[in-house]
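Per our numbering: the sequence shown = residues 47 to 310.
Every residue gets a Cβ at the ideal spot worked out from N, C-alpha and C, and that includes glycine.
As the structure is a prediction and not an experimental result, all values here were calculated from the model.
Comments concern the structure below.
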Amino acid sequence: MPQLPAPDYPADVKARLAADAREVIARYPDSRSALLPLLHLVQAEEDHVTRTGIRFCAEQLGLTTAEVTAVATFYSMYRRESGGDYQVGVCTNTLCAVMGGDAIFEDLKQYLGVDNGGTTEDGKVTLEHIECNAACDFAPVVMVNWEFFDNQTPGSARKLVDDLRAGRSVEPTRGAPLCTFKETARILAGFPDERPGAVAATGGAGPASLVGLRLARGETPGHADHVVAPRTTADRPSDEAGAPDAGAPPRGDGAAGPHHEEGK
47 MPQLPAPDYP
57 ADVKARLAAD
67 AREVIARYPD
77 SRSALLPLLH
87 LVQAEEDHVT
97 RTGIRFCAEQ
107 LGLTTAEVTA
117 VATFYSMYRR
127 ESGGDYQVGV
137 CTNTLCAVMG
147 GDAIFEDLKQ
157 YLGVDNGGTT
167 EDGKVTLEHI
177 ECNAACDFAP
187 VVMVNWEFFD
197 NQTPGSARKL
207 VDDLRAGRSV
217 EPTRGAPLCT
227 FKETARILAG
237 FPDERPGAVA
247 ATGGAGPASL
257 VGLRLARGET
267 PGHADHVVAP
277 RTTADRPSDE
287 AGAPDAGAPP
297 RGDGAAGPHH
307 EEGK
């Protein structure tokens, strides 16, 4: 059975976290709305949400530890056990899976010698399979501390984890420069990323993400300056009243034509 109540933070650590917590709580009209960023805050302290962190959040927000635990165990971004400096998540949802995500995940498990949720012996990498990263057009996608590494293969994923473990510089395909899991957790708690150039480097959607938007606007893929006019009733045969001509064949893909009469 765990020790009850949970041990408290050392006085200096608690004072520092309490100052940060007051800043976070002040952003919300209802203090309990600050629970999610406070969980990131305590995760930034110990790299996972400990019983001590749960007690701290409960005290700051006037909640029970049961209420805090219910939230911390619901969201997968909150670790319940200590992990590596780099959380390597391989998307195994449908599109990424069929594009190679399943193969990447299985290969990395064997290569790193860990199972899902396992951490390498050097404490550098925690491997997990995750659900949709909302980047299907770049499948298969791997995320490291929630930064995107697009269009991966087993070989490129092996190089990625090798570089992380060796301390070599690794640049995401899109987004801010990579930082450690603890540093990422503090940013997710709502504190600014103070690294020079990090905010400017976040960028926007990649070209593949914008193809659908361009199509929706009527633009021809690959010819952004050419716009196709939306289809109107003027494109269809019509009678003098403006209604579609009952005698004209329906238009569109798969529509019945002159040789597709009813019953034939």
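1. From this set, Y157, H94 and G147, which residue's C-alpha is nearest A127's C-alpha?
2. Is the beta carbon of V171 sitting closer than 8 Å to the one on L224?
3. Can you tell me which of A80, S79 and G99 puts its alpha carbon nearest to the alpha carbon of V59?
4. Over what stretch of residues does the alpha helix (DSSP H) that includes Y157 continue unbroken?
5. With distances taken Cα to Cα, identify the nearest neighbour of P186 among E265, I150, I71 and Y157.
6. What is the rounded straight-line gap between the Cα of R241 and the Cα of L87?
7. Report the three-state DSSP secondary structure of T266 (helix, strand or coil).
8. Would the region 254-266 and the region 108-121 be scored as touching if the rule is three or more Cβ pairs under 8 Å?
9. Could you give the uninterrupted runs of the alpha helix (DSSP H) lying entirely in the region 56-86, keeping only those of 4 residues or more?
10. When the Cα of F227 is compared with those of A57, T219 and W192, which residue comes out closest?
11. In chain order, what residues of the same chain have a beta carbon less than 8 Å from the beta carbon of A254, not counting five sequence neighbours either side?
12. How many Å lie between E167 and E113 at the Cα?
13. To the nearest angstrom, how far is the alpha carbon of F194 from that of L63?
14. According to DSSP, is T165 part of a helix, a strand, or is it coil?
15. With DSSP as the reference, label V188 as helix, strand or coil.
16. Leaving out the 5 sequence neighbours to the left and right, which residues in its chain are closer than 6 Å to D153 when beta-carbon positions are compared?
17. Of all the options R125, V207, Y74 and E92, which has the alpha carbon lying nearest to the alpha carbon of P56?
18. Please find out if some non-hydrogen atom of the ligand ZN comes closer than 7 Å to the beta-carbon of T140.
19. Terminal residues of the continuous beta strand (DSSP E) containing Q133?
20. Would you say Y132 and Q89 are within 8 Å of each other, going by their C-beta atoms?
21. At the 8 Å Cβ level, is R126 part of the contact set with chain B, yes or no?
22. Could you give the DSSP three-state label for F227: helix, strand or coil?
23. Can you look up E174 in the DSSP assignment and give me helix, strand or coil?
24. Report the three-state DSSP secondary structure of E92 (helix, strand or coil).
25. Looking only at its own chain, which residues have a Cβ that is under 8 Å from the Cβ of G243, when we skip the five neighbours before and after it?
26. Around the C-beta of Q316, are 16 or more other C-beta atoms found within 10 angstroms, so that it is buried, or is it exposed?
27. In the DSSP output, what is E193 paired with across the bridge?
Concretely, from the data shown:
1. As a first step, residue 127 must be located in the sequence shown, where it is residue number 81. Strictly speaking, residue 127 in this sequence is Glu, with Ala absent from that position. Of the listed residues, the one whose Cα sits closest to E127 is H94.
2. By 1-based counting over the sequence shown, the position of residue 171 is 125. By 1-based counting over the sequence shown, the position of residue 224 is 178. For V171 and L224, no; Cβs fall outside 8 Å.
3. The count along the sequence shown starts at 1 and reaches residue 59 at position 13. With distances taken between Cα atoms, V59 lies closest to G99.
4. Locating residue 157 in the sequence shown gives position 111, where the first residue counts as 1. From DSSP, the alpha helix (DSSP H) with Y157 extends over D148 to L158.
5. Counted from its first residue, the sequence shown places residue 186 at position 140. Cα-wise, what sits closest to P186 is I150.
6. Reading the sequence shown from its first residue, position 195 is the one you call residue 241. Reading the sequence shown from its first residue, position 41 is the one you call residue 87. When rounded, the distance between both Cα atoms is 18 Å.
7. As a first step, residue 266 is located in the sequence shown; it is residue number 220 there, counting from the start. Note: T266 maps to strand in three-state DSSP.
8. no
9. 57-71
10. Position 181 of the sequence shown, counting from 1, holds the residue named residue 227. Checked all of A57, T219 and W192; the closest Cα to F227 is W192.
11. For the purposes of this step, residue 254 is identified with residue 208 of the sequence shown, where counting begins at 1. Answer for A254: D183 and F184, listed in chain order.
12. Position 121 of the sequence shown holds residue 167. Position 67 of the sequence shown holds residue 113. One C-alpha to the other measures close to 34 Å.
13. What you label residue 194 is simply residue 148 of the sequence shown in a count that begins at 1. What you label residue 63 is simply residue 17 of the sequence shown in a count that begins at 1. Cα to Cα, the separation comes out at about 30 Å.
14. Here residue 165 corresponds to residue number 119 of the sequence shown, with the count starting at 1. Three-state DSSP puts T165 in a strand.
15. Numbered from 1 along the sequence shown, position 142 holds the residue referred to as residue 188. It is a strand residue.
16. Residue 153 sits at position 107 when you count from the first residue of the sequence shown. Answer for D153: P200, listed in chain order.
17. Stepping through the sequence shown from its first residue, residue 56 is reached at position 10. The candidate whose alpha carbon is nearest that of P56 is E92.
18. You won't find the ligand ZN in this model; it holds no ligand whatsoever.
19. Position 87 of the sequence shown, counted from the first residue, corresponds to residue 133. Looking at the DSSP string, the run of the beta strand (DSSP E) that includes Q133 is Y132 to C137.
20. On the sequence shown, position 86 is the one that residue 132 refers to. On the sequence shown, position 43 is the one that residue 89 refers to. The answer is no: Cβ separation not under 8 Å.
21. Of the protein chains in this structure there is only one, and it is not chain B.
22. Position 181 of the sequence shown, counted from the first residue, corresponds to residue 227. In this structure, F227 counts as helix in the three-state DSSP scheme.
23. Along the sequence shown, one-based indexing puts residue 174 at 128. Strand at E174.
24. Indexing the sequence shown from 1 puts residue 92 at position 46. Of the three classes helix, strand and coil, the one that applies to E92 here is helix, per DSSP.
25. Taking the first residue of the sequence shown as position 1, residue 243 is located at position 197. Close CB contacts of G243 within its chain, under the 8 Å cut and outside five residues either way in sequence, are with P223 (chain order).
26. This structure gives no information on residue 316, because the portion of the chain shown stretches from 47 to 310.
27. Numbered from 1 along the sequence shown, position 147 holds the residue referred to as residue 193. Under DSSP, E193 forms a beta bridge with V190.
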